Structure formats: C-alpha cells, structure tokens
Amino acid sequence: MRRPVLVLVLAIAAIGVFTAGLAWLLETPSPRPGASRAERLWVALCAECHGADGRGSWRATLFLIRPGDLTDAAAIGRQTDQYLFDIIKEGGSPIGRPGMPAFGAALKDEDIRALVAYLRGLGRAR
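Numbering-wise, the working numbering comes out as the position in the sequence shown, counting from 1, plus 428.
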C-alpha cells in the first residue's frame with residue numbers, strides 16, 4: 429500500500445518540476461524598470477523572434493525563422509532608416525522576407541521611428 433502512494437507522490441513531484449522548468453523556459457522577457465517606450469515596444473513586439481538583445485531567439489529557431497543578428501553594426505549599417513521603417517511597417521512579404529510580420533496597423537509612425545533608433549542602438553550596445 430505504501431509503494432503506490434510513494435510512486436504517486438514522486439510522479440506528481442516530477443510533473444511539478446517539469447512544468448516549472450517549462451514555465452521558466454517559455455517565460456516572455458519583460459522590459460527593465462524605467463525602460464523607454466521604444467524598449468517596451470521592442471520587448472512586446474520584437475523580442476519574440478529577434479530576442480531581447482537582438483541576436484535572435486530560440487523560439488524563432490524552433491520555427492525555422494532566422495531573424496539574423498541585429499547587433500551586427502556592419503550589417504544593420506548597410507540598411508537605410510527608410511528600409512528598416514518600411515520592413516517594420518509593411519512586413520517582409522513585399523520584399524521576399526515573409527517571416528517578418530507587418531506592424532503598420534498596430535504602431536504609429538513615430539513608434540516605428542523609435543524602434544528603428546532602438547534597433548540601431550543594439551549594435552552600439554554590444
């Protein structure tokens with residue numbers, strides 16, 4: 429009688445440890461206290477694929493999306509602000525990059541410009 433209860437308790441404990449680990453793994457990052465609007469937008473909309481630091485996230489890799497390293501100042505430096513603005517606003521589909529969703533319906537132009545400036549800062553923060 430004692431052995432089945434012990435097995436049940438161990439199984440429940442194992443499930444608890446597994447779910448706690450899964451919750452930790454899937455936790456969405458949150459912006460640091462006092463973060464700018466651009467950083468809060470980045471964490472809310474961009475970090476899911478691009479990662480909180482701009483180097484890409486494991487979640488994107490899991491779905492075979494390669495967002496690229498946005499901290500590479502040389503690569504980002506080759507792109508104009510207008511290109512970055514357009515890809516955030518219109519998404520990647522018009523230019524052959526279908527993994528990038530469009531945020532033009534959800535964001536004002538000044539928010540997109542702030543995101544572009546924040547993105548440019550990722551390479552300098554490296």
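All C-beta atoms in this analysis are idealised placements derived from N, C-alpha and C, irrespective of residue type, glycine included. If you're wondering where the values come from, they're calculated on a predicted model, not measured in any experiment.
Compute the Euclidean distance between the alpha carbons of residue i and residue j, then round it to the nearest angstrom.
i, j, result
"T489", "V435", "37 Å"
"G484", "L512", "17 Å"
"R431", "A439", "12 Å"
"G527", "V433", "49 Å"
"G479", "I493", "12 Å"
"K536", "A472", "15 Å"
"P461", "G482", "19 Å"
"A475", "S464", "15 Å"
"D497", "R506", "13 Å"
"G519", "G532", "8 Å"
"G449", "F491", "21 Å"
"L469", "R525", "21 Å"
"T447", "A501", "38 Å"
Inspect the beta-carbon positions of residue i and residue j and report whether they are closer than 8 Å.
i, j, result
"P457", "C477", "no"
"T508", "G551", "no"
"A409", "A466", "Outside the modelled stretch of the chain, which goes from 429 to 554, sits residue 409, for which no answer is possible."
What do you get for residue i, buried or exposed, if any count of 16 or more other CB atoms within 10 angstroms of its CB means buried?
i, result
"A534", "exposed"
"I516", "buried"
"W486", "exposed"
"I523", "exposed"
Under three-state DSSP, which class holds residue i?
i, result
"I515", "helix"
"P529", "coil"
"Q507", "coil"
"P432", "helix"
Point to revise | Entirely enclosed alpha helix (DSSP H) segments - the segment 440–497, minimum 4 residues | key: 465–469, 475–478 and 486–490
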